[in-house]
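Peer 1: Numbering (the numbering used here), first residue to last: 35 to 801.
Using N, Cα and C, we set each Cβ at its ideal position, and we do this for glycine too.
Remember, predicted model here, so these are calculated numbers, not experimental data.
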């Protein structure tokens, strides 16, 4: 037992270590676990476990255990020489280490207990965390990098709201958020931007606790101050971001869901004050030194106007959500709220023309920005792409409901007085008038819905149907619709053709007609003079049709697809048809043959006289025979276009359209070259020029004229000049034929459509 003489120190440290391990440490661990139950937050437990005192206590405890075990084992007899040698090296320092570690462990135990007491006292813990976030009573510059402490701060604030809604700590938490918002807004170089995520999360979390547990913290909720932090009234130049609006919408939606209408009303009063006193339109600053006065701050003015419009739009959607949730008392309260005399309602329209303006603005916005309302104003319970339609529908309901409010006493005593029914200023362009007309017709639809007995009760409960006063929103809407329809008639009558569209019309007509005519100019002869015994065919391909005036005007309400080429194609089709008929009626002989025997027939009829004849194919797809299993030897194509010339064993073949109505109308004309007709252009008669307003031909060679008449139409044209214009293309060449010209017509039979069989090639005579 002589080896235990050293136990003066160990006899003290071992019981202390045993007590800590057996009693104190388990109690400490259990106490830490109870922090989670106390605050209902694992975040604060994690925070405690990261405290330096707790970490250092664990480290010293482990170190003390190791040193104590060493001092016990090194003097055991069975260790022999190894133990004695190690003891000689360590000397008495091991006793000192044991003593020091034991004292340190006891000290840390007391500090740890003090820390636990701090975590159990939520006020002390709140002050402790707050101190880490402030320096000299100011927000730290590196605050953004320390989000862990901030979220701990938020968790504590949520607990304090549940525990003691009137505690001063809530005011300190609000002050922290307020200090941050001021710091964030004032430090930004730009005038818009988002707050940090923890700021939004903190406001949302605290609002959720207040709503779900139906709490009334005096320092916050009576004014809904936490939510008001999202509207930085101390700097009107700062633009509220889309993300901030989304968070604000979510919070107010949550408050409505839990029927905390008093919170929503308190927010409304703040928003009303903000737009009335802070977010006011900027005055324009003019430069009068220039020839024409210019606005120096135009960008700032426009940006402020956008801010105001966005803010009003949000609160119109909020009113629609209140109506959607059937909170009629709240709706009545906020729509009657004013802080001035005479009354002023800055967040909602209080005149007929303002209601029409916002109805038009919001409904047209869906065309400019699809899914806009799904993104920003989604109602609770609405899902999918139709959610935006639901939101917009309820906004429309609310705006038309405001028409009935125009008879209320509140509106009577506004700054506008009794002018709430003043007429809407009509736009000056057809597009704007037409758009407004469609919007007002939608308004009439919603008004019809409000006129039902069930909905009239809602209006009556709002106090917007006073006795003895005119109640005529539908009459005003009908009157506006009539005014807009009359305006459309006037604008259509005054409408003038667009120079750019007339140029486009002429250019497309040339692009379509000229190539079509060139084919026949190549097939037929161009003659400077015609013998007197030639027969004349008039190829009058001219055509007129009426278009909506907007087709040729800059003031369009709808899109006209290919309006610039429809008439030209009809002229070409008629030109082809008349040319074909001119050839067809001069046929001295005609044969019906099978489609697949065309080239055998040409060989039989023309034989070796390839240079004496020219062939015109109407409506055939000759490329079918250029390659593949149906390839015809000797057939080549001389051009890239379908109407270009082909050559078959020395026979020239021109492929053109017949102008017929069916693809089965496929013919081939064989004309003796010396009997080809003379193709001569023909100028329009003077009376025709006067009738259609022709001036200079768009193609001098073809004598091709175009015109578009708006109001001065010919007497024999019976169309509504208020709506339609008359577009005309004049093209009327002559074909002069030699009498008894040698023309042969081949009718190609299709096995799918034509019945019977064609004539045998062997029976056909040679020309």
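(1) On the three-state DSSP scale, how would you describe residue 137?
(2) Could you tell me whether the Cβ atoms of residue 94 and residue 139 are closer together than 8 Å?
(3) Could you name each continuous beta strand (DSSP E) segment of 3 residues or more that falls completely within the stretch 701-742, going from the start of the chain to the end?
(4) For residue 311, count neighbouring C-beta atoms within 10 Å of its own C-beta (all shown protein chains included) and say buried if the count is 16 or more, exposed if not.
(5) The alpha helix (DSSP H) with residue 564 in it runs from where to where?
(6) Report the rounded CA-to-CA distance for residue 520 versus residue 468, giving the unit in angstroms.
(7) Check the C-beta distance from residue 301 over to residue 360 and give it rounded, since I have them as a contact under 8 Å.
(8) Mind checking whether residue 435 and residue 484 have CB atoms under 8 Å apart?
(9) How is residue 577 classed by DSSP in three states: helix, strand or coil?
(10) When the Cα atoms are used, what is the spatial distance from residue 728 to residue 700?
(11) Contact between the stretch 407-415 and the stretch 452-466 is defined here as three or more beta-carbon pairs at a separation below 8 Å; is this criterion met?
(12) My parser needs the alpha helix (DSSP H) runs of 4 or more residues fully inside the stretch 332-365; what are they?
(13) Roughly how many whole angstroms lie between the Cα atoms of residue 793 and residue 758?
(14) Rounded to the nearest angstrom, how far is the Cβ of residue 583 from that of residue 529, given a contact under 8 Å?
(15) Exposed or buried, what is residue 379 when buried is set at 16 or more other beta-carbons lying within 10 Å of its beta-carbon?
(16) Can you tell me the Cβ-Cβ gap for residue 381 and residue 346, rounded? I've got them flagged as a contact below 8 Å.
(17) What does the Cβ neighbour count give for residue 178, buried or exposed, with the cut at 16 atoms within 10 Å?
(18) Does the stretch 678-687 come within contact of the stretch 627-645, defined as at least 3 CB pairs closer than 8 Å?
(19) Measure the alpha-carbon distance for residue 578 versus residue 610 and round it to whole angstroms.
(20) Measuring only the C-alpha atoms, how far is residue 244 from residue 196?
(21) Would you say residue 716 touches the ligand NAD, meaning its beta carbon is less than 7 Å from a heavy atom?
(22) What are the boundary residues of the beta strand (DSSP E) that includes residue 771?
(23) When you compare the CB positions of residue 101 and residue 132, do they come within less than 8 Å of one another, or not?
(24) Would residue 438 pass as a contact of residue 493 if the rule is Cβ separation under 8 Å?
(25) Give a yes or no on whether the C-beta atoms belonging to residue 547 and residue 606 are separated by under 8 Å.
(26) Consider the Cβ of residue 99: report whether some Cβ of chain D lies at a distance smaller than 8 Å.
(27) Between residue 732 and residue 543, how many whole angstroms is the CB-CB distance? I'm expecting something under 8 Å.
(28) Give the secondary structure of residue 458 by DSSP, where H, G and I count as helix, E and B as strand, and everything else as coil.
(29) Please report how far the alpha carbon of residue 419 lies from the alpha carbon of residue 427, in whole angstroms.
(30) I'd like to know if the stretch 756-775 and the stretch 716-723 are in contact, where contact means that at least 3 CB-CB pairs between them fall below 8 Å.
(31) Could you check the C-alpha separation between residue 781 and residue 630 for me, to the nearest Å?
(32) Where are the alpha helix (DSSP H) runs, 4 residues long or more, that stay fully inside the stretch 374-410, in chain order?
(33) Does the separation of the CB atoms of residue 389 and residue 342 fall below 8 Å?
(34) Roughly how many angstroms separate the alpha carbons of residue 490 and residue 358, rounded to a whole number?
(35) Does the Cβ-Cβ distance between residue 716 and residue 735 come in under 8 Å?
(36) If we ignore side chains and look at the alpha-carbon of each, how far apart do residue 148 and residue 88 end up?
Peer 2: This is what the structure holds:
(1) helix
(2) In this structure, residue 139 lies closer than 8 Å to residue 94 by Cβ.
(3) 701-706 and 712-714
(4) Residue environment analysis places residue 311 among the exposed positions, since fewer than 16 neighbouring C-beta atoms fall within 10 angstroms of its C-beta.
(5) Per DSSP, residue 564 belongs to no alpha helix (DSSP H) and is neither H nor E.
(6) 11 Å
(7) About 19 Å; that fails the 8 Å criterion.
(8) yes
(9) If DSSP states are grouped into helix, strand and coil, residue 577 belongs with the strands.
(10) Per the coordinates, the alpha-carbon of residue 728 lies some 37 Å from the alpha-carbon of residue 700.
(11) With a cut-off of 8 Å, the stretch 452-466 and the stretch 407-415 do not count as touching, because too few Cβ pairs lie within range.
(12) 332-358
(13) 53 Å
(14) 5 Å
(15) Burial check for residue 379: the Cβ neighbour count within 10 Å reaches 16 or more, so the residue is buried.
(16) 6 Å
(17) A caution first: residue 178 carries a pLDDT of 49, below 50, which makes its placement in the model unreliable, though a value can still be read off. Exposed is the call here.
(18) yes
(19) Straight-line Cα distance between these residues: approximately 17 Å.
(20) Roughly 8 Å separates the two Cα atoms.
(21) Because no ligand of any kind appears in the structure shown, any question about the ligand NAD cannot be addressed here.
(22) Looking at the DSSP string, the run of the beta strand (DSSP E) that includes residue 771 is 768-771.
(23) yes
(24) yes
(25) Yes, they are a contact pair.
(26) This model lacks chain D altogether; it includes just one protein chain.
(27) 7 Å
(28) Of the three classes helix, strand and coil, the one that applies to residue 458 here is coil, per DSSP.
(29) In this prediction, residue 419 scores a pLDDT of 48, lower than 50, which makes its location untrustworthy; no coordinate-derived value is stated.
(30) yes
(31) 12 Å
(32) 386-402 and 406-410
(33) No, Cβ-Cβ distance for residue 389 and residue 342 is not below 8 Å.
(34) 16 Å
(35) no
(36) 11 Å
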